[in-house]
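Asks:
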Amino acid sequence: MVDEMVLITQQWLNDTYSGKHGYNPVEESGKTGWDTIYGLTRALQIELGISEPADNFGPTTQRLFKPLKRQAPDSKPSNMNFILQGALWCKGFNPGGFTGVFYEKTENAVKEFQKAAGLTTQDGICHHVNYESLIRHERF
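Under this note's numbering, think of the first position of the sequence shown as 148, with each following residue one higher.
(1) Do you know offhand how far Tyr-185's Cα is from Glu-279's?
(2) Assuming Gly-233 contacts Leu-187 (C-beta within less than 8 Å), just tell me the rounded distance between them.
(3) Measuring straight from C-alpha to C-alpha, what distance separates Asp-182 and Thr-163?
(4) Count the other CB atoms, across all protein chains shown, that sit within 10 Å of the CB of Ala-219; report buried if there are 16 or more and exposed otherwise.
(5) Let's see if you can read the secondary structure: which residues bound the alpha helix (DSSP H) around Ser-222?
(6) What first and last residue would you give for the alpha helix (DSSP H) that runs through Gly-239?
(7) List the whole-angstrom C-beta distance separating Ala-190 from Ile-230, where the pair is believed to meet the contact cut-off of C-beta under 8 Å.
(8) Quick check on Asn-277: buried or exposed, where buried means 16 or more other Cβ atoms within 10 Å of its Cβ?
(9) By alpha-carbon positions, which one of Gln-157, Cys-237 and Gly-166 ends up nearest to Glu-175?
(10) Could you compute how far the alpha carbon of Lys-258 sits from the alpha carbon of Ile-272?
(11) Whole angstroms is fine: what's the gap from Met-148's alpha carbon to Val-173's?
(12) Distance check for Thr-268 and Gly-177, CA to CA, integer angstroms please.
(13) Buried or exposed for Pro-214, going by 16 or more other Cβ atoms inside 10 Å?
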């Protein structure tokens, strides 16, 4: 079964990152698989300025990642937020759209993820540990 929001995420990843060093295009199937997870990971690393993106979330990614949190109402979209929203869709959480802005619905989706993952802090702020869990292709 095709998940429309996963498909939109896959298309956005390919449209945004194809041709960039270290990015491997993902299959546009509407199904979350390893290539989509790796695509999200590499896209994140490209945004963080990592010179050699890889399929794993290592210490450099952890060090460079700055927490993502709810933005002011007039904020502009960012690729970091698109990646977060795509990861939420791929894990089955609804961030309220694929907009690139971190508003109330994205914050609520992060809180839902934090709760489902059994984390003690459920503040809706996406710290590197939350992000790393989101972009792994495994249960919490």
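Every residue gets a Cβ at the ideal spot worked out from N, C-alpha and C, and that includes glycine. If you're wondering where the values come from, they're calculated on a predicted model, not measured in any experiment.
Replies: Working from what's here:
(1) For Tyr-185 and Glu-279, the gap between their C-alpha atoms comes out near 12 Å.
(2) Indeed they touch by this definition, with Cβ atoms about 6 Å apart.
(3) Cα atoms of Asp-182 and Thr-163: separation of roughly 16 Å, rounded to the nearest angstrom.
(4) Flag for Ala-219 reads exposed.
(5) Counting along the chain, Ser-222 falls outside any alpha helix (DSSP H), and DSSP gives it neither H nor E.
(6) That residue, Gly-239, is in no alpha helix (DSSP H); it is neither H nor E in DSSP.
(7) Contact check for Ala-190 and Ile-230: beta-carbon distance about 5 Å, within the 8 Å limit, so the pair qualifies.
(8) So Asn-277 ends up on the buried side.
(9) Of Gln-157, Cys-237 and Gly-166, the smallest CA-CA separation from Glu-175 is found for Gln-157.
(10) Their Cα atoms are separated by approximately 8 Å.
(11) Whole-angstrom Cα-Cα distance: 17 Å.
(12) Taking the straight line from one Cα to the other gives about 31 Å.
(13) Exposure of Pro-214 is indicated by the presence of fewer than 16 other C-beta atoms within 10 angstroms of its C-beta.
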